[in-house]
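Chains as they are written, first to last, in UniProt numbering: chain F, 1 to 97; chain W, 1 to 993.
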């Protein structure tokens with residue numbers, strides 16, 4: 001069972017307290033009606049499906065907050081977590097280690 | 001005294017006999033025995049029949065890696081366990097055991113004809129032999145094969161035992177309490193770290209228990225072990241025996257299964273049988289040791305053929321001589337010590353046959369001193385004996401040439417193909433392995449977790465080396481915690497160092513194609529099967545494994561994986577590391593379902609949510625049904641009524657006068673704040689801006705994909721406060737979805753979301769007399785301005801309330817919400833006030849019937865996650881003038897607007913018989929199979945109108961009104977007419993009354 005750091009509670013807690021919430025940094029378009037069918041399809045369904053570091057959303061059931069995480073999908077390791085709304089961090093070599 | 005027990009020898013209690021039965025016969029063992037050691041003490045080697053060929057088998061090992069000696073154990077009704085390893089099950093008074101996979105008896109087994117027909121059952125036989133005729137597969141081949149093959153029988157009764165679960169946080173967890181583990185624990189226990197040492201055996205000490213002649217720091221091995229365990233106990237180290245580390249998971253979580261009562265004569269009442277520990281460790285030290293490899297030669301599975309290390313264990317731990325005249329076949333020095341120990345305890349060792357040409361002089365000396373014949377550079381080409389080995393044929397090997405053999409009489413054969421490190425737990429962490437060409441074995445390489453591997457588990461041999469390595473590993477673990485300590489030193493006398501060589505199947509002078517040289521004893525896989533798999537095109541070891549089933553039995557290849565790999569690599573002409581090892585997965589040994597379930601079974605499987613009115617329903621004879629995690633009153637039968645009669649009565653009473661229903665499980669969310677209306681506009685399909693305070697509206701919630709997610713009536717209590725209701729099962733999901741949008745998409749909106757599901761008790765009143773009955777109880781409502789779809793904060797029966805006028809039945813209806821603590825008081829007050837109207841309590845079934853008669857949908861029953869508002873006929877609930885809401889853009893996607901989508905319609909059967917929910921619908925029942933299915937029945941009920949009604953989704957259903965469709969069901973095809981979903985009062989006249 002993974003241990004996950006909630007950036008709001010500032011505590012590292014067992015996976016059981018968290019749920020996965022899909023890929024991160026996919027903003028809902030401000031005006032969906034302006035999008036073509038293809039653009040809207042991509043927003044709805046097309047995901048990175050990364051092999052390796054993956055930016056994704058998690059929710060801490062305890063405090064109810066959604067936050068972002070960078071997790072390696074091969075090793076299933078959390079490289080970092082950060083609050084929703086913060087810019088996508090760049091992957092440093094240390095984090096990737 | 002049992003014939004093969006050596007008086008006074010071993011760690012068993014010779015003054016404490018224990019009787020038990022095996023296949024109905026009573027035997028005597030000693031306290032401290034396993035079933036296997038007790039049977040061996042009585043001269044019994046034959047303990048089971050093999051899986052496929054029904055070959056007679058005896059124990060090969062003395063531990064949890066045992067592939068052969070699988071038995072059923074029993075302690076009365078429900079306490080039968082199949083496939084227990086006789087080498088692990090400790091003796092207890094009155095233990096009942098039986099052998100498996102035999103008929104009529106273990107010594108005479110009809111199924112053994114499979115062994116004569118072994119050519120039929122070679123690798124992949126399932127795919128080849130029984131192909132023809134096709135129709136025979138289901139009816140003949142498979143049942144016969146399944147009946148003949150197999151292990152123990154599954155228990156048929158509920159397990160009456162209970163199982164415990166615990167969490168543990170510890171600084172250092174050490175797995176394996178042999179010399180390396182004990183040395184590691186001594187090192188790690190310095191400077192006050194919290195240390196846990198676990199071992200799967202009944203006693204700690206590991207291999208030292210089987211090597212009592214070894215001396216450490218001047219003490220005999222057993223005294224040294226006792227002293228060190230005493231020191232560890234004094235240092236506060238947690239020592240856990242009978243505790244198997246079954247899996248090594250992320251971030252140093254290790255699962256431990258602790259066996260608590262299986263060894264006890266009389267378990268304390270209420271004691272858990274097993275306890276699962278979920279351990280989170282700062283550092284883990286794996287000191288699991290090594291497993292001895294069998295040698296692969298014809299007849300290596302005959303009872304009496306066992307690993308040399310196992311014989312040594314039976315001798316020293318249990319005082320059992322596994323035979324009077326053992327022969328030894330080995331490619332490793334360790335088996336020589338086993339031979340010496342047996343000879344020193346009265347056995348006449350027939351010969352030591354070593355595959356190596358050159359053997360260490362001190363070993364040759366030891367054999368000479370004991371008068372044991374040595375055959376170096378020899379092999380064993382076959383064994384003889386029906387239910388027990390009687391002789392082995394030893395032959396010299398020069399290069400690839402096998403010389404003339406000779407039969408050596410013996411009553412058991414001790415074999416050793418060397419030792420392979422136990423890599424299982426390390427493999428669970430996805431740690432990588434490196435091939436050690438010298439030792440012909442894989443060793444742990446790159447680690448992914450905070451762990452150390454010590455001793456024989458990383459290929460070391462000899463007590464001096466293993467103790468030093470354990471101490472170093474323990475110290476490194478301590479340092480990993482940021483603590484300091486010093487490295488322990490140990491002086492070992494009478495050490496038993498050793499090396500060896502590795503083999504594929506041993507050379508033979510016989511027909512190699514007919515050799516029954518087993519690799520996987522439990523799954524009956526031979527060397528020939530592996531070579532056949534390679535010949536038939538398997539290249540990856542993973543394919544070889546699955547084609548031959550090598551390593552797929554309950555021992556997970558503990559004995560067979562390395563031998564299988566060596567032979568596959570040889571057949572492929574590749575180096576073993578290029579062929580690779582199959583993956584070990586948890587659990588390390590078979591683990592009971594009970595241990596995994598722990599407390600999560602029966603009534604404590606999951607929580608049961610009850611409404612404040614539940615106690616009234618129970619006292620008044622309600623039949624309950626589970627809905628999400630709630631238990632809800634399903635119907636209230638009167639004496640003599642079945643469900644159908646009760647529901648029909650409840651329906652009619654409600655339509656005729658007045659029904660009362662506990663709707664407290666409805667999800668409720670309060671949406672509050674200056675931007676509440678904007679938030680509602682964005683979330684729900686409906687427009688909310690013009691909804692006046694004091695009014696309510698049916699709300700429809702979509703996913704961003706345009707499909708219906710939830711619905712419910714929503715009241716606007718004030719300009720900035722909405723009381724949202726959701727489906728019973730959808731409450732948490734809807735709140736999460738709302739929170740997601742509020743937190744991540746629209747953090748600028750000034751809105752608070754609060755779940756109030758359990759804060760309000762909700763009672764629904766429905767029927768033509770609902771208004772008349774309720775009016776006198778209500779204060780604070782202007783009835784002249786309280787039409788259908790109104791809401792108000794008021795008092796009902798003197799209780800503070802939120803009153804909604806709405807209907808889920810088609811009758812005049814109200815939902816009265818009061819703070820949950822007043823729920824029962826409200827219910828009883830309404831029941832009292834309703835007496836003049838023959839008020840009738842009804843349950844969820846009646847609620848379903850009444851709503852279906854009106855065509856009101858249940859999200860999740862009439863919709864399935866692919867239904868749009870238009871598909872469900874709910875277009876009217878979509879605010880088309882709104883610029884945006886969640887899911888709006890998807891409603892104009894080409895697939896959503898395409899023709900032929902499944903649409904929700906009503907169905908009436910021609911013969912008036914009911915349909916099954918979930919039944920598929922076809923347009924032509926005479927078309928060839930597989931038929932084109934155009935939809936399915938979503939809801940079906942008996943109704944108050946004297947005939948059943950149903951709802952269904954059908955492709956292009958709206959254009960099929962009045963047409964006929966067909967519903968094939970198990971008892972015949974039904975013919976039904978497509979109708980509107982509104983079966984009752986289509987003009988809503990009753991709502992306006």
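Ideal placement from N, C-alpha and C gives every residue a C-beta, glycine not left out.
For a contact defined as C-beta to C-beta under 7 angstroms, what are the partners of residue i on chain W?
| i | result |
| --- | --- |
| residue 58 (chain F) | Under the 7 angstroms cutoff, chain W gives no residues; its nearest Cβ is about 12 angstroms from residue 58 (chain F). |
| residue 64 (chain F) | 739 |
Is the CB of residue i under 8 angstroms away from at least one CB in chain W?
| i | result |
| --- | --- |
| residue 1 (chain F) | yes |
| residue 87 (chain F) | no |
| residue 76 (chain F) | yes |
| residue 32 (chain F) | yes |
| residue 97 (chain F) | In this predicted model, residue 97 (chain F) has a pLDDT of only 48, less than 50, meaning its place in the structure is not dependable enough to derive any value. |
| residue 37 (chain F) | yes |
| residue 51 (chain F) | no |
| residue 84 (chain F) | yes |
| residue 28 (chain F) | yes |
| residue 69 (chain F) | no |
Spatial neighbours of residue i within its chain, please: C-beta separation below 6 angstroms, excluding the five flanking residues on both sides.
| i | result |
| --- | --- |
| residue 729 (chain W) | 628 |
| residue 291 (chain W) | 65, 420, 422, 558 |
| residue 897 (chain W) | none |
| residue 359 (chain W) | 376 |
| residue 248 (chain W) | 254, 425, 428, 429 |
| residue 475 (chain W) | 187, 485, 487 |
| residue 243 (chain W) | 198, 256, 258 |
Can you confirm whether residue i, when its beta carbon is compared against all beta carbons of chain F, has any partner nearer than 8 angstroms?
| i | result |
| --- | --- |
| residue 888 (chain W) | yes |
| residue 253 (chain W) | yes |
| residue 745 (chain W) | yes |
| residue 884 (chain W) | yes |
Taking Cβ-Cβ distances shorter than 7 angstroms, what residues in chain F pair up with residue i?
| i | result |
| --- | --- |
| residue 704 (chain W) | 44 |
Which same chain residues end up closer than 8 angstroms to residue i when comparing Cβ atoms and leaving out the 5 residues on each side of it in sequence?
| i | result |
| --- | --- |
| residue 571 (chain W) | 530, 531, 534, 535 |
| residue 775 (chain W) | 783 |
| residue 922 (chain W) | 931, 932, 933, 934, 965, 966, 967, 968 |
Starting from residue i, find everything on chain F with Cβ-Cβ shorter than 8 angstroms and list it in chain order.
| i | result |
| --- | --- |
| residue 448 (chain W) | 75 |
| residue 249 (chain W) | 1 |
| residue 894 (chain W) | 37 |
Kindly give me the distance between the Cβ atoms of residue i and residue j, rounded to whole angstroms, as I take these residues to be in contact under 8 angstroms.
| i | j | result |
| --- | --- | --- |
| residue 957 (chain W) | residue 935 (chain W) | 7 angstroms |
| residue 394 (chain W) | residue 408 (chain W) | 5 angstroms |
| residue 594 (chain W) | residue 165 (chain W) | Contact doesn't hold; Cβ gap of about 11 angstroms is too wide. |
| residue 333 (chain W) | residue 498 (chain W) | 3 angstroms |
| residue 651 (chain W) | residue 909 (chain W) | Wrong, their Cβ atoms sit about 19 angstroms apart, outside the cutoff. |
| residue 175 (chain W) | residue 198 (chain W) | 6 angstroms |
| residue 753 (chain W) | residue 739 (chain W) | 6 angstroms |
| residue 322 (chain W) | residue 40 (chain W) | 6 angstroms |
For residue i, which residues from the same chain have a beta carbon less than 7 angstroms from its beta carbon, with the 5 sequence-adjacent residues on both sides left out?
| i | result |
| --- | --- |
| residue 483 (chain W) | 191, 193 |
| residue 97 (chain F) | Confidence at residue 97 (chain F) is low in this model, with a pLDDT of 48, below 50, so the placement of that residue is unreliable and no value is reported for it. |
Indicate whether the contact test is met: 3 or more Cβ pairs, each with one atom in the segment 690-697 of chain W and one in the segment 787-795 of chain W, closer than 8 angstroms.
-> yes
Evaluate the contact criterion for the segment 820-837 of chain W versus the segment 670-688 of chain W: three or more CB pairs, one atom per stretch, below 8 angstroms.
-> no
State whether the segment 266-280 of chain W contacts the segment 161-169 of chain W, with contact taken as three or more CB pairs (one from each stretch) at a distance under 8 angstroms.
-> yes
Counting Cβ pairs, one atom from each stretch, are 3 or more of them under 8 angstroms apart for the segment 400-420 of chain W and the segment 311-326 of chain W?
-> yes
Three-pair Cβ contact test at 8 angstroms for the segment 900-914 of chain W versus the segment 848-868 of chain W = yes
Mind the definition here: the segment 886-895 of chain W touches the segment 40-59 of chain F only if three or more C-beta pairs lie below 8 angstroms; say whether that holds.
-> yes
Contact the segment 285-299 of chain W vs the segment 515-524 of chain W: 3+ CB pairs below 8 angstroms = yes
Is the segment 263-277 of chain W touching the segment 350-358 of chain W in the sense that three or more CB pairs, one from each, lie closer than 8 angstroms?
-> no
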